[in-house]
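Numbering (our numbering), first residue to last: 2 to 169. Ideal Cβ placement from N, Cα and C applies to all residues, glycine included. It should be emphasised that the depicted structure is a prediction, and the values quoted were computed from it without experimental measurement.
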């Protein structure tokens, strides 16, 4: 005889509530040229050298389109103590607009988009970084949401330290 499920234990009717897209914006002004910072962020192959949680990076399919946009597909291997993930992105570098856009190809995200903008300001550059993402897994999302802002700030600090090492 099949067991009956109490109405109070059934999942709610209707579509499941989607996970919340997490958003974060960071702005920093750095004493380096926009071109230097654009080159630094655009060199995704170097990320494992200065971003501690990126433990591997592979790029392929690099090309320049007819409008001068530079496209690269990249696979990052990320490790945080017990958590190991791999995800792939498409990176679009716009040298004239001093902007880098990154979108998801595959990985643990339902949605991923980030954008870097490099705006001349005085003797340096205002760096604007925006990231929006949503994990496929509710458990992974719940686990990482609480430290999300801190991780983005730490990422920016890694890029600042790398710029100082390269350009000071």
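In the DSSP output, which residue or residues are listed as bridge partners for residue i?
{"i": "residue 125", "result": "122"}
{"i": "residue 108", "result": "Paired residue(s): none; residue 108 is not in a bridge."}
{"i": "residue 134", "result": "23, 113"}
{"i": "residue 100", "result": "95, 118"}
To the nearest angstrom, report how far apart residue i and residue j are at their CA atoms.
{"i": "residue 142", "j": "residue 48", "result": "24 Å"}
{"i": "residue 75", "j": "residue 124", "result": "32 Å"}
{"i": "residue 102", "j": "residue 28", "result": "16 Å"}
{"i": "residue 67", "j": "residue 95", "result": "12 Å"}
{"i": "residue 117", "j": "residue 93", "result": "10 Å"}
{"i": "residue 146", "j": "residue 133", "result": "12 Å"}
{"i": "residue 15", "j": "residue 22", "result": "No answer about residue 15 holds up, because its pLDDT of 43 lies below 50 and its placement is not dependable."}
{"i": "residue 17", "j": "residue 109", "result": "Per-residue confidence for residue 17 stands at a pLDDT of 45, beneath the threshold of 50, marking its modelled position as unreliable; no derived number is given."}
{"i": "residue 163", "j": "residue 55", "result": "14 Å"}
{"i": "residue 44", "j": "residue 85", "result": "23 Å"}
{"i": "residue 129", "j": "residue 73", "result": "21 Å"}
{"i": "residue 24", "j": "residue 37", "result": "26 Å"}
{"i": "residue 155", "j": "residue 149", "result": "10 Å"}
{"i": "residue 88", "j": "residue 107", "result": "6 Å"}
{"i": "residue 169", "j": "residue 99", "result": "21 Å"}
{"i": "residue 35", "j": "residue 167", "result": "14 Å"}
{"i": "residue 65", "j": "residue 57", "result": "24 Å"}
{"i": "residue 61", "j": "residue 105", "result": "15 Å"}
{"i": "residue 82", "j": "residue 46", "result": "22 Å"}
{"i": "residue 113", "j": "residue 139", "result": "15 Å"}
{"i": "residue 59", "j": "residue 40", "result": "18 Å"}
Can you give the beta carbon distance from residue i to residue j, rounded, assuming they're within the 8 Å contact cut?
{"i": "residue 126", "j": "residue 31", "result": "6 Å"}
{"i": "residue 137", "j": "residue 165", "result": "In fact, because the Cβ distance is near 36 Å, the residues do not count as touching under 8 Å."}
Using only alpha-carbon positions, find the residue among the options that is nearest to residue i.
{"i": "residue 71", "options": "77, 63, 78", "result": "63"}
{"i": "residue 152", "options": "80, 57, 41, 60", "result": "80"}
{"i": "residue 97", "options": "121, 156, 25, 104", "result": "121"}
{"i": "residue 77", "options": "52, 168, 160, 35", "result": "52"}
{"i": "residue 157", "options": "139, 131, 140", "result": "131"}
{"i": "residue 161", "options": "24, 26, 33", "result": "33"}
{"i": "residue 42", "options": "88, 119, 114", "result": "119"}
{"i": "residue 159", "options": "26, 39, 50", "result": "50"}
{"i": "residue 26", "options": "167, 60, 135, 115", "result": "115"}
Where does the unbroken alpha helix (DSSP H) through residue i begin, and where does it stop?
{"i": "residue 153", "result": "149-168"}
{"i": "residue 37", "result": "35-43"}
{"i": "residue 49", "result": "48-51"}
Grab the span of the beta strand (DSSP E) containing residue i for me, first residue to last.
{"i": "residue 74", "result": "71-81"}
{"i": "residue 57", "result": "55-65"}
{"i": "residue 95", "result": "84-95"}
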